[in-house]
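These notes concern the structure reproduced below.
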Amino acid sequence: MMGEQHKTIAVAMSGGVDSSTVAAMLKAEGHVLVGLTMQLWNQRRLADKEGMPEQVQGRCCSIDDVYDARRVAEMLSIPYYVVNHQERFERDVIRPFVDEYLSGRTPIPCSLCNNHLKFDQLLLTARQIGAELIATGHYARNAYDPARARWILKRPADASKDQTYFLFGLAQEQLAHTLFPLGDFTKPEVRELARGYGLALAGKPDSQEICFIPGGDYKRFIEAYLEEQGESVPDTGGELVSAGGQSRGKHEGIHNFTVGQRKGLGLASPSPLYVISIDRDSKRVTVGEEPELMRDSLRARRLNWISIAGLSGEMRAQVKIRHRHDPAWATLRQTGDDEVEVRFDEAVRAVTPGQAAVFYAADEVIGGGWIV
Amino acid sequence: MRRIYLDANATTPLLPEVLEAMRPFFLEQFGNASSIHQEGQHARWAVEQARASVARFLGCRPAEIVFTSGGTESDNLAIFGSVKPGDHVITTAIEHHAVLHAVEKLRDRAVDVDFLPVNGQGLVAVGDIRKALRPNTRLISVMMANNETGVLQPVGEIGRIAAEAKVRFHVDAVQAAGKLPLEVDAIGCHLLTISGHKMHAPQGTGVLFVRRGTRLEPLFAGGAHERQRRAGTENVAGIVGLGKAAECAMEGLRSGVPERIRALRDRLERGLLERVSEAGVNGGQAPRVPNTTNLWFDHLEGEALVIALDLKGLAGSSGAACASGASEPSHVLEAMGVPAQRARASLRLSLQKQTTDEEIDQALLLVTAQVARLRELSVDGNGYRKSVPAVAR
Numbered sequence: 001m002m003g004e005q006h007k008t009i010a011v012a013m014s015g016g017v018d019s020s021t022v023a024a025m026l027k028a029e030g031h032v033l034v035g036l037t038m039q040l041w042n043q044r045r046l047a048d049k050e051g052m053p054e055q056v057q058g059r060c061c062s063i064d065d066v067y068d069a070r071r072v073a074e075m076l077s078i079p080y081y082v083v084n085h086q087e088r089f090e091r092d093v094i095r096p097f098v099d100e101y102l103s104g105r106t107p108i109p110c111s112l113c114n115n116h117l118k119f120d121q122l123l124l125t126a127r128q129i130g131a132e133l134i135a136t137g138h139y140a141r142n143a144y145d146p147a148r149a150r151w152i153l154k155r156p157a158d159a160s161k162d163q164t165y166f167l168f169g170l171a172q173e174q175l176a177h178t179l180f181p182l183g184d185f186t187k188p189e190v191r192e193l194a195r196g197y198g199l200a201l202a203g204k205p206d207s208q209e210i211c212f213i214p215g216g217d218y219k220r221f222i223e224a225y226l227e228e229q230g231e232s233v234p235d236t237g238g239e240l241v242s243a244g245g246q247s248r249g250k251h252e253g254i255h256n257f258t259v260g261q262r263k264g265l266g267l268a269s270p271s272p273l274y275v276i277s278i279d280r281d282s283k284r285v286t287v288g289e290e291p292e293l294m295r296d297s298l299r300a301r302r303l304n305w306i307s308i309a310g311l312s313g314e315m316r317a318q319v320k321i322r323h324r325h326d327p328a329w330a331t332l333r334q335t336g337d338d339e340v341e342v343r344f345d346e347a348v349r350a351v352t353p354g355q356a357a358v359f360y361a362a363d364e365v366i367g368g369g370w371i372v
Numbered sequence: 001m002r003r004i005y006l007d008a009n010a011t012t013p014l015l016p017e018v019l020e021a022m023r024p025f026f027l028e029q030f031g032n033a034s035s036i037h038q039e040g041q042h043a044r045w046a047v048e049q050a051r052a053s054v055a056r057f058l059g060c061r062p063a064e065i066v067f068t069s070g071g072t073e074s075d076n077l078a079i080f081g082s083v084k085p086g087d088h089v090i091t092t093a094i095e096h097h098a099v100l101h102a103v104e105k106l107r108d109r110a111v112d113v114d115f116l117p118v119n120g121q122g123l124v125a126v127g128d129i130r131k132a133l134r135p136n137t138r139l140i141s142v143m144m145a146n147n148e149t150g151v152l153q154p155v156g157e158i159g160r161i162a163a164e165a166k167v168r169f170h171v172d173a174v175q176a177a178g179k180l181p182l183e184v185d186a187i188g189c190h191l192l193t194i195s196g197h198k199m200h201a202p203q204g205t206g207v208l209f210v211r212r213g214t215r216l217e218p219l220f221a222g223g224a225h226e227r228q229r230r231a232g233t234e235n236v237a238g239i240v241g242l243g244k245a246a247e248c249a250m251e252g253l254r255s256g257v258p259e260r261i262r263a264l265r266d267r268l269e270r271g272l273l274e275r276v277s278e279a280g281v282n283g284g285q286a287p288r289v290p291n292t293t294n295l296w297f298d299h300l301e302g303e304a305l306v307i308a309l310d311l312k313g314l315a316g317s318s319g320a321a322c323a324s325g326a327s328e329p330s331h332v333l334e335a336m337g338v339p340a341q342r343a344r345a346s347l348r349l350s351l352q353k354q355t356t357d358e359e360i361d362q363a364l365l366l367v368t369a370q371v372a373r374l375r376e377l378s379v380d381g382n383g384y385r386k387s388v389p390a391v392a393r
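Protein chains in written order, with the numbering used here: chain A, 1 to 372; chain B, 1 to 393.
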């Protein structure tokens with residue numbers, strides 16, 4: 001990062017260990033910094049709705065996290081601001097999240113947030129206030145490859161913290177203006193660094209759940225959100241059927257299910273049953289035994305390419321179909337204007353529409369798309 | 001970098017003479033104004049002298065002054081102290097949250113509230129007040145000067161309507177105090193709020209004027225302080241500071257400080273409108289306090305403008321702040337019918353008696369440059385990708 005000392009860097013500060021360490025690290029390197037926290041969602045907004053936890057302890061945009069981020073900024077003597085991007089978050093993350101579930105898919109709000117908020121709105125805000133680059137606490141690496149004339153996104157040193165799956169949507173210009181200073185470190189090393197910088201929050205636990213859903217009950221969240229919007233929850237109830245089409249019972253709405261789900265089906269069976277597929281139009285949820293979950297191909301749309309400009313002919317790649325998934329070997333083939341078919345060498349379990357398929361060549365992210 | 005502070009409507013710096021007046025009451029004269037001994041007696045006398053100063057400032061009797069912790073408490077005391085279930089309250093859509101949220105709370109207690117609209121210039125129609133009156137109207141609460149736009153409401157006329165209808169009238173004068181002459185009899189109000197830190201006294205001090213004969217239910221249970229209207233040991237040093245600040249404000253009004261501030265504000269406002277196209281003043285056609293301008297600049301985000309200016313050394317503001325410190329959309333501009341996009345593209349600059357000619361020169365340059373820069377990046381909500389070419393770092 002030599003030669004960039006003169007450029008102001010906006011650090012996306014969540015109040016957690018990772019982004020706080022990024023701020024301390026860049027400050028120690030002598031950069032001019034501005035700390036930014038995005039106010040994305042008001043945790044109290046749905047607190048009075050039925051079934052929502054009364055004691056809201058959610059981690060998204062809480063006053064406590066802003067306090068932690070502010071404390072770090074004060075300690076480092078860097079200007080710090082909370083910027084309000086609630087409208088954009090609701091439009092680009094919350095609403096699509098709700099609509100995806102109601103359409104029988106399983107969304108990834110973190111990817112939407114990265115694509116629309118962290119690496120779009122925040123980059124814009126940073127640029128508006130005079131910072132050319134942003135730095136985040138993501139575990140990923142990026143670098144420019146002159147030979148290919150492309151920005152490359154790579155997996156981090158700490159494979160267990162790899163966040164590249166959520167970053168597949170980054171465009172070249174976004175990667176060009178982003179720093180991932182933690183890419184070369186493991187999480188324990190980052191905690192050690194944080195302690196070394198004297199950050200009081202070095203031991204703060206990692207966030208796990210979806211930030212705007214305290215307690216993780218996304219079904220209650222969807223219902224509470226629609227109620228607040230003055231919309232009724234659409235009746236997506238229908239039949240539970242087996243692969244052969246025989247009825248196995250009723251269900252109360254397709255948004256209650258995700259492909260591969262085992263709990264909450266309410267069916268008695270000698271062997272465990274899983275959700276095999278969800279049909280939005282007929283509102284049918286197909287259930288079956290584990291072998292029926294296996295698929296040897298999928299299609300992905302709304303693609304983003306990172307290490308290549310686009311697919312020409314077939315391409316071999318390792319493909320991740322969910323965050324916690326060991327990449328599986330597959331062949332990619334363009335099947336439409338903005339559609340790729342992924343044919344796996346060996347069948348994979350629970351291909352879930354709404355999740356992302358992210359293509360890797362060793363440590364590099366080739367690109368990815370949304371599973372349909 | 002010498003910073004330029006143009007956010008006087010948020011708070012003002014303490015005047016040196018105010019600090020000097022307060023100093024002994026933190027140190028040697030530390031007594032409790034309710035105590036019988038000499039330490040207490042000195043404190044009591046200091047509080048009463050401050051009360052007399054504030055009374056002169058408002059043109060009322062010292063006994064009509066209640067010291068509080070600030071504008072919010074005074075507004076709450078005026079409202080909750082006056083209204084009971086079954087009553088009707090008239091207020092406006094552009095009040096400060098200290099009034100708005102207080103009367104919204106009353107609605108849960110079987111009180112009817114009318115929030116009167118304002119016109120495009122931020123003015124409430126006096127006729128609307130008259131029309132809103134009901135037999136059970138207990139209170140009219142209208143601010144004198146709006147904190148965001150500086151627009152002055154016709155409180156004198158409203159006071160006459162209230163008097164005819166024999167309805168209690170509360171005026172939140174927080175943003176007017178010190179900026180123009182305040183006479184409670186000219187306004188005809190029964191209750192009037194001022195805040196210390198908006199007029200160079202310390203934060204955490206305020207006053208509620210309570211006209212003689214106006215019965216008020218106290219907010220707090222406790223001792224018999226402030227003629228049983230506000231329990232709690234007096235903030236002696238703060239009250240002394242407020243008294244001194246009131247004297248300084250009266251002196252300033254006599255010696256033409258508001259006129260000087262108005263000239264600076266007008267130069268800033270006109271200068272920006274000359275230099276920047278597609279810009280205007282929210283409430284610019286209405287009567288306003290002399291220190292405030294609320295400008296809109298199309299094709300940018302006010303929040304980003306305020307941050308960019310702050311990083312360049314100019315403190316201004318846009319909208320209100322929520323708990324985390326992020327800006328929130330302005331209910332005042334919304335009530336004036338300002339389109340949402342333009343309301344988000346607004347900048348409030350507010351001056352005070354220490355603002356200098358040089359600072360206004362600097363502010364003109366800074367705001368003009370930052371608006372031009374931000375407009376180059378403008379994407380009108382379409383995000384970053386469309387605005388930035390792919391470049392190698």
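Backbone N, C-alpha and C fix where the C-beta goes; we use that ideal spot for every residue, glycine too.
Computed from a predicted model, the values in this text were never measured in an experiment.
In this structure, A:Leu-117 lies away from A:Arg-155, with their beta-carbon atoms at least 8 Å apart. Here A:Val-241 carries a strand assignment [DSSP, helix/strand/coil]. As the crow flies, the alpha-carbon of A:Ser-62 is around 33 Å from that of A:Arg-302.
When rounded, the separation of the alpha-carbon atoms in A:Tyr-144 and A:Trp-151 is 4 Å. Proximity of B:Ser-327 to chain A, defined by a Cβ-Cβ separation below 8 Å, is satisfied. Excluding residues up to 5 positions away in sequence, Ser-318, Arg-344, Ala-345, Ser-346 and Leu-347 lie with their Cβ nearer than 6 Å to the Cβ of B:Gly-302 in the same chain. Sequence-distant partners of B:Gly-71 (beyond 5 residues in either direction) whose C-beta falls short of 8 Å from its own C-beta, in its chain, are His-96, Ala-98, Asp-172, Val-174, Thr-193, Ile-194, Ser-195, Lys-198 and Gly-206.
Ranking A:Ile-366, A:Leu-201 and A:Gln-128 by CA distance to the CA of B:Glu-376 puts A:Gln-128 first. If the five residues before and after B:Gly-223 are omitted, its C-beta is found closer than 6 Å to the C-beta atoms of Ala-231, all from its own chain and listed in chain order. For B:Val-103, there is no enclosing beta strand (DSSP E); the enclosing alpha helix (DSSP H) covers residues 97 to 107. Between B:Val-89 and B:Arg-51 the beta-carbon gap is near 29 Å, outside 8 Å, which marks them as no contact.
In this structure, the alpha-carbon of B:Ala-279 lies about 6 Å from that of B:Asp-298. Put simply, the CB of B:Glu-303 is near chain A, with a gap under 8 Å to one of its CB atoms.
Annotation: the region 16 to 43 of chain A contains the following complete segments of the alpha helix (DSSP H) (minimum length 4 residues), in chain order: 17 to 28. At the C-beta level, B:Ala-93 and B:Ala-246 stay beyond 8 Å of one another. Separation of B:Ala-176 and B:Val-124 (C-alpha to C-alpha, rounded to the nearest whole angstrom) is 17 Å. With a cut-off of 8 Å on Cβ pairs, the region 233 to 250 of chain B is in contact with the region 40 to 55 of chain B, counting three or more such pairs. For A:Val-351, the closest Cβ of chain B is not nearer than 8 Å. With the criterion set as a beta carbon lying under 8 Å from some beta carbon of chain B, the region 183 to 208 of chain A has no members that meet it. By the Cβ-count criterion, B:Gly-188 is buried, with 16 or more other Cβ atoms from all chains shown falling within 10 Å of its own Cβ. Of the other Cβ atoms in all chains shown, fewer than 16 fall within 10 Å of the Cβ of A:Lys-263; this residue is therefore exposed. Contact of B:Leu-374 with chain A by beta-carbon distance below 8 Å involves Gln-128. For A:Glu-50, the secondary structure class from DSSP, reduced to helix, strand or coil, is coil.
Contacts with chain A at 8 Å (Cβ-Cβ) do not include B:Ile-65.
Comparing alpha carbon positions, the residue from A:Leu-273, A:Leu-298, A:Lys-283 and A:Ala-309 closest to A:Glu-292 is A:Leu-273. Following the DSSP letters along the chain, one finds A:Arg-349 inside the beta strand (DSSP E) bounded by residues 339 to 349. Contact between the region 10 to 17 of chain B and the region 341 to 361 of chain A is absent, with fewer than three C-beta pairs closer than 8 Å.
Taking every protein chain shown into account, the CB of B:Asn-136 has fewer than 16 other CB atoms within 10 angstroms, so this residue is exposed. Assignment of B:Lys-179 by DSSP, reduced to helix, strand and coil, places it in the coil class. In the DSSP assignment, B:Met-250 falls within the alpha helix (DSSP H) that extends over 236 to 254. Counting only runs of 4+ residues, the alpha helix (DSSP H) found wholly inside the region 257 to 339 of chain B occupies 257 to 275, 302 to 311 and 331 to 335, in chain order. Classified as buried, A:Gly-183 has 16 or more neighbouring CB atoms from the shown chains inside 10 Å of its CB. A contact between stretches requires three or more CB pairs, one per stretch, nearer than 8 Å, and the region 260 to 277 of chain B meets this requirement with the region 355 to 371 of chain B.
Between A:Ile-134 and A:Ala-140, the beta carbon gap of about 13 Å keeps them out of contact (Cβ cut-off 8 Å).
In this structure, A:Gln-334 lies away from A:Leu-298, with their beta-carbon atoms at least 8 Å apart. Excluding its 5 nearest sequence neighbours in each direction, B:Pro-329 has C-beta neighbours in its own chain below 8 Å: Gly-319, Ala-340, Ala-343 and Arg-344, listed in chain order.
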